[in-house]
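Below: one structure, written as structure tokens.
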Amino acid sequence: MSSLFDRSYTCQVCGNTFTSKQVKTSAIRAKERKKDFHAIFGGENPTYYGVICCPKCGYAKFENDFKQVLESSEKAIIENTISSHWRTQNFCEERNTEIAISVHRIALASYKVHSAKQSVFGKLYLRLAWFNRELGEDDEAKRYTEMALCAFLSSYELERFEEVPEKELEIIYLIGELNRQQGNYKDAIRWFDMTIRHEYAYKNRLLKQYAKEQWALSVEENNQKK
Ligand SMILES: [Zn+2]
1157 MSSLFDRSYT
1167 CQVCGNTFTS
1177 KQVKTSAIRA
1187 KERKKDFHAI
1197 FGGENPTYYG
1207 VICCPKCGYA
1217 KFENDFKQVL
1227 ESSEKAIIEN
1237 TISSHWRTQN
1247 FCEERNTEIA
1257 ISVHRIALAS
1267 YKVHSAKQSV
1277 FGKLYLRLAW
1287 FNRELGEDDE
1297 AKRYTEMALC
1307 AFLSSYELER
1317 FEEVPEKELE
1327 IIYLIGELNR
1337 QQGNYKDAIR
1347 WFDMTIRHEY
1357 AYKNRLLKQY
1367 AKEQWALSVE
1377 ENNQKK
């Protein structure tokens, strides 16, 4: 039995109704979770299906954002900058890593014209880093890791997290981990420290534990570098 099913969507830009595959919850089997939240799955990878793309007009966003009603000015900007160049492409069937990379890159365009939050770009770049790492494309993975790091840094500096302070904690932790992956051990140590001391650290004990472990790893890696 297939672990995929069809879910219906209506495009907020062109009104097209279509179905796109999703992974059945019962079929999701996470084997491993890396310290940058990259999960490795036994079967189908639900992360590949996170972005929905309208085959008719090219509008593409994460599932929850895709469902949001748009202002007419927001529709117009997608029509003028994306749909006018779009040739029908179908990302609604089963996805492999390469297809997941393509559809996430297409989503970048929709978010760029809508001047989305830096935290959203961080999330997209981080996923593109994971997918490239899965393919062994280490240079591309490194490039996207750097872009994710820059986006999360901007998010931390510019965006307010009053409604969801736990989100800020997650971003501070990720800035630490991505710095560590890029070999910036001193910065990593500083951001892990901030995670551990954060006023909401008690709300996410797993993240606090991760920060402690990755702090120790960064100290070790920094010593090896000398
Ligand atoms: Zn559409």
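Heads up: the sequence shown begins at 1157 in this note's numbering, then just goes up one per residue.
Beta carbons are placed, not taken as given, at the ideal position from N, Cα and C, and that holds for glycine.
Keep in mind the model is a prediction, meaning the values are calculated, not measured.
Asked, Found
"Three-way DSSP call (helix, strand, coil) for T1181 in this model", "helix"
"Segments of 4+ residues assigned as alpha helix (DSSP H) that fall wholly inside the stretch 1248-1286", "1253-1269"
"Sufficient close CB pairs (3 or more, under 8 Å) joining the stretch 1324-1336 to the stretch 1305-1316", "yes"
"Simplified DSSP state of C1167, which is helix, strand or coil", "coil"
"Start-to-end residues for the alpha helix (DSSP H) that takes in E1319", "First-last for E1319: undefined, no H or E at that position."
"Ordered list of beta strand (DSSP E) runs contained in the stretch 1295-1359, each at least 3 residues", "none"
"V1375, enclosing alpha helix (DSSP H) - first and last residue", "R1361 to K1381"
"Assigned secondary structure, I1233 (DSSP; H/G/I helix, E/B strand, else coil)", "helix"
"Which of helix, strand or coil DSSP assigns to D1192", "coil"
"Range covered by the beta strand (DSSP E) that runs through K1138", "Nothing can be reported for residue 1138, as the shown portion of the chain is limited to 1157 through 1382."
"Backbone CA spacing between D1192 and K1382 [nearest angstrom]", "25 Å"
"Three-state secondary structure (DSSP) of K1223", "helix"
"Chain-order list of residues whose beta-carbon lies under 6 Å from that of T1253 (same chain, five-residue window excluded)", "F1287, E1290 and L1291"
"Selected residue, minimal CA-CA separation from K1177, among R1299, Y1204, L1284 and E1293", "Y1204"
"C-alpha gap between A1216 and G1206, whole angstroms", "10 Å"
"Under 5 Å, CB to nearest heavy atom of ligand 1: contacting residues", "C1167, V1169, C1170, N1172, C1210, K1212, C1213 and Y1215"
"Beta-bridge pairing of I1208 - partner residues as DSSP gives them", "K1217"
"Contact set for C1248: own chain, Cβ-Cβ below 7 Å, skip 5 residues either direction", "F1174, T1175, S1176, K1177 and P1211"
"Which residues DSSP lists as bridging S1240, in chain order", "Paired residue(s): none; S1240 is not in a bridge."
"Alpha-carbon spacing of N1172 relative to S1158, whole angstroms", "26 Å"
"Contacting residues, own chain, Cβ-Cβ under 6 Å from A1195 (five flanking each side not counted)", "A1186 and R1189"
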